[in-house]
Amino acid sequence: MDRYAVVGDPIAHSKSPLIHQLFAEQTGQSMQYEAIRIDAEDANFIDEIRYIQQLGFKGLNITVPYKLDAFELADELTPRAEVAHAVNTFVFQDNGQILGDNTDGAGLVMDIEQNGLRPFKDKKVLIIGAGGAVQGILKPLLAKQPGLVHIANRTAKRAQVLGQRFDTEVPIHGSGWDEIPLEPFDIIINGTSASLEGKLPPVSEQVIGSNSLVYDMMYGAEPTVFLNWAQQHQPQCQRMDGLGMLVGQAAESFYLWRGVMPKTKPVIEQVRRLIQPNPQ
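Count the sequence shown with my numbering and you get residues 810 to 1089, in order.
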């Protein structure tokens, strides 16, 4: 049976084995998928990956803290991984070479367009943050030809430099928090990890309109603080968390390995039920 895994540290909490099991059942694929911890303090990432490859695994997902290490290790990179400067998927090829890809952006775009029913074309998009997570989503997002993309970050320079990396006709603006235009955007994406700490990025509520889609790349059993903030100021706005992106990027990896694209919506619903807090 073909073997796949997700590697990272910590890894016990990962939903990836469940997601890929559900994909395999849905598409009739015979495969095994597991979670493997590579100790961030004691293990050598390259040695561990080579050992997994020698065991006959066909591919891997890579999560925190190894996406940059994976980028360096890959023998060949897809264009979206090259631009993202990060890799979250390995394909172990028959000739022993490792293909590195980044499916995060494709997962986000798939979630927003298919599950959120919001095409990016000609839309005004605000992206909050300019770190690794945002780097991974920009190429697939820009390929959908939004009308404008504004990247806002604590340090304006980082946002501006990131925007300049892309050869696109889409207008891309980069700024600090204070220079975000105080007007509604069609799609607002929080690409910071602030929600993990229960914090909000310092963004004015004026960027949210009643028809805006507000998207947080983080997810949890409860709505994130960012989504609660959006609802408080614009109860009419559409809100989505990053669970669909997690399932979407997994679907893209699954397609790379198996040549079959699974349906994400039923899997998102199944995983959502599992992470909901138990009723008292």
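Note that CB positions come from ideal geometry on N, CA and C, so glycine has one too.
- Assignment of Thr836 by DSSP, reduced to helix, strand and coil, places it in the helix class.
- In this structure, Ala961 sits near Trp986, with a CB-CB distance shorter than 8 Å.
- In the structure shown, the three-state DSSP call for Leu869 is strand.
- When C-alpha distances from Ala883 are compared across Pro980, Leu935, Leu908, the shortest belongs to Leu908.
- Beta bridge pairing from DSSP links Gln830 with no other residue.
- Comparing alpha carbon positions, the residue from Phe866, Lys932, Pro888 closest to Asp903 is Phe866.
- Setting aside the 5 residues that flank it on each side, Gly1053 is surrounded in the same chain by Asp920, Asn924, Ile1077, each with a C-beta closer than 6 Å to its C-beta; the list follows chain order.
- Counted as a single uninterrupted DSSP element, the beta strand (DSSP E) harbouring Ile936 occupies residues 933 to 937.
- Burial of Glu1061 is indicated by the presence of at least 16 other C-beta atoms within 10 angstroms of its C-beta.
- If you look at Gln1047, you'll find it in the beta strand (DSSP E) that goes 1047 to 1049.
- Between the alpha carbons of Ala890 and Ala879 lies a distance of about 10 Å.
- Distance from the CA atom of Ile847 to the CA atom of Asp818, rounded to whole angstroms, is 6 Å.
- Scanning its chain for C-beta atoms nearer than 6 Å, with the 5 sequence neighbours on each side dropped, one finds around His959 the residues Leu935, His982, in chain order.
- Measuring C-alpha to C-alpha distances from Pro990 to each of Val1016, Val970, Lys1008 identifies Val1016 as the nearest.
- In the three-state scheme derived from DSSP, where H, G and I count as helix and E and B as strand, Asn853 is classed as coil.
- A check of alpha carbon separations from Asn1037 across Gly938, Leu917, Lys1008 identifies Lys1008 as the nearest.
- Under the three-state reduction of DSSP output, His959 falls in the strand class.
- Residue pairing for Leu908: DSSP places it in a beta bridge opposite Glu885, Val900.
- If the five residues before and after His894 are omitted, its C-beta is found closer than 7 Å to the C-beta atoms of Phe880, Gln944, all from its own chain and listed in chain order.
- When DSSP states are grouped into helix, strand and coil, Glu1006 belongs to the helix group.
- Under the three-state reduction of DSSP, Ser1019 is assigned to strand.
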